[in-house]
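Have a look at the structure below before the remarks.
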Amino acid sequence: MSSEDPYIILYDTMVYIHGSHHQYLLLMQEQCQRARTHTDLRHLGSDMHAFCQALHTHNTVEDKHLFPSVTRKTNISHLEAQHMQLEELLIDFGHCATRLKHVKNSEDDMHSAIIDANSWISKMLLLVNEHERAEEQIIEPENMKKLFTKDEMKLIAL
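Residue numbers are given in the working numbering: position 157 of the sequence shown equals residue 137, and the series is strictly consecutive.
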């Protein structure tokens, strides 16, 4: 198979994007461990908000461009349910990010905010990894070849 193979292009692109989500969440966990100042918390809150936006955008593209085609060929209701869970979790994740940006000066408030952020990041990491691995199984090239012709894939993988 060549690098122009639309099955491989879609799969490799998704694996790359999913890997970046995973790495970003791991970096935010490290930020929680290193956070000592209000500036650290504000940076973490900003990164959490950026992650919310990036994941929401990614899921929206999948929901509007990729998965409607796949849904016509196979049952992916489990992925759709996970997207709904992720969108709900993103709301709470965003609230936590906002809280980090407004933590009071007390050491207890900072410590509590860090524990809370780490908990939300861990929940997000677990669900994102589970969901994105399930997506990758669906869009694995050999699986997609069973569902779509090469010409159909070219339209999907644009």
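We treat Cβ as the ideally placed atom computed from N, Cα and C, and that holds for glycine.
Determine the contact status of residue i and residue j, defining contact as a CB-CB distance below 8 angstroms.
i: phenylalanine 73; j: methionine 8; result: no
i: valine 83; j: leucine 5; result: no
i: asparagine 85; j: cysteine 12; result: no
i: glutamate 105; j: alanine 93; result: Per the sequence shown, the amino acid found at residue 105 is leucine instead of glutamate. No.
Using a 10 Å radius around the Cβ and a threshold of 16 neighbouring Cβ atoms, would you call residue i buried or exposed?
i: isoleucine 71; result: exposed
i: aspartate 117; result: For the record, residue 117 in the displayed sequence is glutamine; it is not aspartate. Classification of glutamine 117: exposed, given that the 10 Å Cβ count is below 16.
i: isoleucine 101; result: buried
i: isoleucine 95; result: exposed
i: alanine 77; result: buried
What does a CB cutoff of less than 7 angstroms around residue i pick up in its chain, not counting 5 residues either side in sequence?
i: isoleucine 136; result: Leu(-10), Leu46, Ser49 and Phe128
i: lysine 103; result: Leu69
i: glutamine 65; result: Leu107
Quick one: residues in its chain with C-beta nearer than 8 angstroms to the C-beta of residue i, no 5 flanking neighbours on either side, listed in chain order?
i: arginine 14; result: Asp20
i: histidine 58; result: Ala114
i: histidine 2; result: Leu105, Val108, Asn109 and Glu112
Report all residues from its chain with a CB closer than 6 angstroms to the CB of residue i; omit the five preceding and five following residues, and keep chain order.
i: phenylalanine 31; result: Tyr4
Inter-stretch contact at 8 angstroms, needing at least 3 Cβ pairs: the stretch 103 to 116 / the stretch -10 to -2: The stretch -10 to -2 and the stretch 103 to 116 touch, with three or more beta-carbon pairs separated by less than 8 angstroms.
Contiguous alpha helix (DSSP H) assignments of at least 4 residues, all confined to the stretch 6 to 81: 18 to 41, 47 to 51 and 57 to 81
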